[in-house]
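Visitor:
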Amino acid sequence: MPCLSFTSHQQSQPDGSSEERTQSRHREQSAVLSFTGADAADEGQQQRPRKLDPSSYAELILWHAKTNASNSLYQGQDWRDLVDWLNRASIPCTVSLSKPGFAWIYVLPHNPPRQTVRGSELSLPLCDTLQLSPSDGNVLIFLRGYPSPEWLKEIGARFNIDPEAFYRHLTFFHQRVALMRQAPFKLPSSQRSIFQLNLTTVGQYASARGDSLSKIRAYAAREMERYKVGMRNPTCWGLGNSIVRSFDVHNESVFSLEQLVTIYVSKESEDSPWITLVWLDSGDDLLQSPVGPWSNIGQQRSTTTFPVTMYKRSISLKHQHHRLVETEFNDVHGSKGLPQSISLLPLFYGRSLNATQMSEDPLYALHELLLFWATSETQFLNVVSSGLRSTVDLSPERFPSKMVDIQNTLVFYKDILNRHTNLISDVFEFFENRELLDWPRSQANKPQLMAQRLEYDVKYLLGKSKALQQQCESSMNTIMNQAGLQEAKRAVSESERIYRLSVLVSVFIPLSFCSSLFSMSFVNFQQTHTGIWTFFSLTIPIFAFSLTLFNWNPDKFRKYVRNPKLWSKRTQLEPVGA
23 MPCLSFTSHQ
33 QSQPDGSSEE
43 RTQSRHREQS
53 AVLSFTGADA
63 ADEGQQQRPR
73 KLDPSSYAEL
83 ILWHAKTNAS
93 NSLYQGQDWR
103 DLVDWLNRAS
113 IPCTVSLSKP
123 GFAWIYVLPH
133 NPPRQTVRGS
143 ELSLPLCDTL
153 QLSPSDGNVL
163 IFLRGYPSPE
173 WLKEIGARFN
183 IDPEAFYRHL
193 TFFHQRVALM
203 RQAPFKLPSS
213 QRSIFQLNLT
223 TVGQYASARG
233 DSLSKIRAYA
243 AREMERYKVG
253 MRNPTCWGLG
263 NSIVRSFDVH
273 NESVFSLEQL
283 VTIYVSKESE
293 DSPWITLVWL
303 DSGDDLLQSP
313 VGPWSNIGQQ
323 RSTTTFPVTM
333 YKRSISLKHQ
343 HHRLVETEFN
353 DVHGSKGLPQ
363 SISLLPLFYG
373 RSLNATQMSE
383 DPLYALHELL
393 LFWATSETQF
403 LNVVSSGLRS
413 TVDLSPERFP
423 SKMVDIQNTL
433 VFYKDILNRH
443 TNLISDVFEF
453 FENRELLDWP
463 RSQANKPQLM
473 AQRLEYDVKY
483 LLGKSKALQQ
493 QCESSMNTIM
503 NQAGLQEAKR
513 AVSESERIYR
523 LSVLVSVFIP
533 LSFCSSLFSM
543 SFVNFQQTHT
553 GIWTFFSLTI
563 PIFAFSLTLF
573 NWNPDKFRKY
583 VRNPKLWSKR
593 TQLEPVGA
């Protein structure tokens, strides 16, 4: 495919090129009109937008990126980094633009010939390899991992994808100021056609001997920052590489990483098919993608990832229905690596769903993906629950040296649970208000029942996540109270030791004083009739005086002196004639 370049729109031109600028402006306006045709109303009917080519699609994005607060309420100045990436030089010919497994398509005809659907890989250019007409049915597309500009322009133009879906997924190209303004909250009305999920993968590693948990977390944080900086450099990435958004170390043996899923659903008009795009961060094996903290944490070759085990009734009795053959498995994960269950989902999607009802209801067509997300979230909450129990069992009374690590771990779990609770809450609100979606809906009972079951599952997850939040907060309060009690006990013990020291000082200071006094040799014990007893005759009164001062309480003395009963008794004892 030829290299697509738009540098002429970004650089200033001499005065003699006004005619070229006018023609370019006309092309952009023509493309804008064709792209926004779906939003224009003609006597209450939507107009079908004209099909775009990749060049026109990229020009529209460039035109939108030039808008700002001075000329549009829907400014796109935050898109400039995305435009720069789309307009970069094409990938060299030595790199395959059609890496196996990057893009998969499922065509869902209205009257499918079989009960389950079958997917097929896409390759570039789409105009030569993909021949679809509206009568062929609805379309479900999967993208896996890091994209190339050519792929996004081809997919976007061929299926008229809203560029906002690409913009929201490629957050690592955003400036920090843009992220601060646009994340993490979005209006529910802006997520009717574009919404996102966070998929969590839990893994295990063997920490190196002598490494503390705080040291491991600090190392992981530094490596993750370096990884995120590298995400903005496309030369370090290949098509289909897996992307990781967040990496967290739970303890000395367990970690978790999060990956994003962007879902886009669109139906241009009443008589047109609907299109669903699912973009997964998971692509190539993690060890075959750019290096992150999961690649070299702990001891060498000790890292493994846990599978996400989905449930289906009697699935163990269906031998080949849910398995890939060995050659397919090696193509996806390689012979050695960190396999992720989500990598298999696009390869044989929909085998547990009814093909006819999938073509009628996009929400039902996404059921396996949503159920996979719920299952992975359940596994994550189970791991967090186990970690909380292990942390609370480390009582400060028995392990006072681990007090700081216990507090840091509880703060870590509180933060990560807050993040996941907010994400689960967004998904629950999506299901709770699904009646407001303008998606096509099947009249059959099964899709509605499946949606209700998913809503119940998400509600269950939300409740458990909030319960773990409360458990974490109560554990923090308990640990703080225990720490306060331990501190009070140490203070009491310290005061007792100080008291004993004071008693010893009170005993030895008078003796030292008298010894120093008699060391002046002003008395010769051999020339006195009392001898050595002269020393004790002076030391004992001084010692008694020191003990009196040690136990002296001025308040009690004043109270005793001012007691009227004392003086009344004294008056009674005095002689009458005195």
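Heads up: take any position in the sequence shown, counting from 1, add 22, and you land on my numbering.
All residues carry an ideal CB built from backbone N, CA and C; glycine is no exception.
For residue 257, count neighbouring C-beta atoms within 10 Å of its own C-beta (all shown protein chains included) and say buried if the count is 16 or more, exposed if not.
Guide: exposed
Visitor: Closest to residue 632 by C-alpha separation, out of 282, 160, 176, 524, would be which residue?
Guide: With the chain covering 23 to 600 only, the question about residue 632 has no answer from this structure.
Visitor: With 16 other CB atoms within 10 Å as the buried threshold, where does residue 158 fall?
Guide: exposed
Visitor: My output table needs one value for residue 316: the three-state DSSP class, helix, strand or coil.
Guide: helix
Visitor: So for residue 535, helix, strand or coil by DSSP?
Guide: Reduced to three states, the DSSP call for residue 535 is helix.
Visitor: Can you give me the Cβ contacts of residue 178 inside the same chain, cut-off strictly under 6 Å, excluding the 5 residues immediately before and after it?
Guide: In the same chain as residue 178, and ignoring 5 residues on each side of it, the C-beta atoms closer than 6 Å to its own belong to 79, in chain order.
Visitor: Going by Cα to Cα distance, which pick from 300, 398, 160, 105 is closest to residue 17?
Guide: Residue 17 cannot be examined here, being either before or after the span of the chain that is shown, 23 to 600.
Visitor: Only counting the same chain, and skipping five residues up and downstream in sequence, which positions put a Cβ closer than 6 Å to that of residue 175?
Guide: 76, 79, 80
Visitor: If you check the beta carbons only, do residue 228 and residue 324 fall under 8 Å apart?
Guide: yes
Visitor: Quick one, are the C-beta atoms of residue 225 and residue 328 less than 8 Å apart?
Guide: yes
Visitor: From which residue to which residue does the alpha helix (DSSP H) around residue 582 run?
Guide: 576-583
Visitor: Quickly, what does DSSP pair residue 282 with across the bridge? List them, please.
Guide: 220
Visitor: Got a sec? Which residues, its chain only, sit under 8 Å from residue 580 by beta carbon, not counting five neighbours each side?
Guide: Excluding residues within five positions, none has a Cβ falling inside 8 Å.
Visitor: Here's the rule: buried if 16 or more other CB atoms are within 10 angstroms of the residue's CB, otherwise exposed. What is residue 651?
Guide: This structure gives no information on residue 651, because the portion of the chain shown stretches from 23 to 600.
Visitor: Mind the definition here: the region 228-245 touches the region 367-382 only if three or more C-beta pairs lie below 8 Å; say whether that holds.
Guide: With a cut-off of 8 Å, the region 367-382 and the region 228-245 do not count as touching, because too few Cβ pairs lie within range.
Visitor: Rounded to whole angstroms, what's the CA-CA distance from residue 453 to residue 404? Just pull it up for me.
Guide: 23 Å
Visitor: Pick from 443, 137, 531: whose alpha carbon is nearest that of residue 491?
Guide: 443
Visitor: CA-CA distance, residue 335 and residue 287?
Guide: 29 Å
Visitor: Should residue 485 be labelled buried (16 or more other beta-carbon atoms within 10 Å of its own) or exposed?
Guide: exposed
Visitor: Distance, Cα to Cα, residue 62 vs residue 447?
Guide: Residue confidence is low: residue 62 scores 43 on pLDDT, short of 50, so the model does not pin down where it sits. Its coordinate-derived value is still stated next. Approximately 34 Å between the Cα atoms of the pair.
Visitor: Mind checking residue 511: buried by the 16 CB within 10 Å criterion, or exposed?
Guide: Counting Cβ neighbours within 10 Å, residue 511 comes out exposed, since fewer than 16 surround it.
Visitor: Whole angstroms are fine: how far does the CA of residue 508 sit from the CA of residue 425?
Guide: Straight across, the Cα-Cα distance linking residue 425 with residue 508 is about 11 Å.
Visitor: Quick one: using the 10 Å Cβ neighbour count with 16 as the cut-off for buried, is residue 316 buried or exposed?
Guide: buried
Visitor: Go ahead and label residue 292 buried or exposed: buried means 16 or more other beta carbons lie within 10 angstroms of its beta carbon, across all protein chains shown.
Guide: Around the beta carbon of residue 292, fewer than 16 other beta carbons lie within 10 angstroms, which makes this residue exposed.
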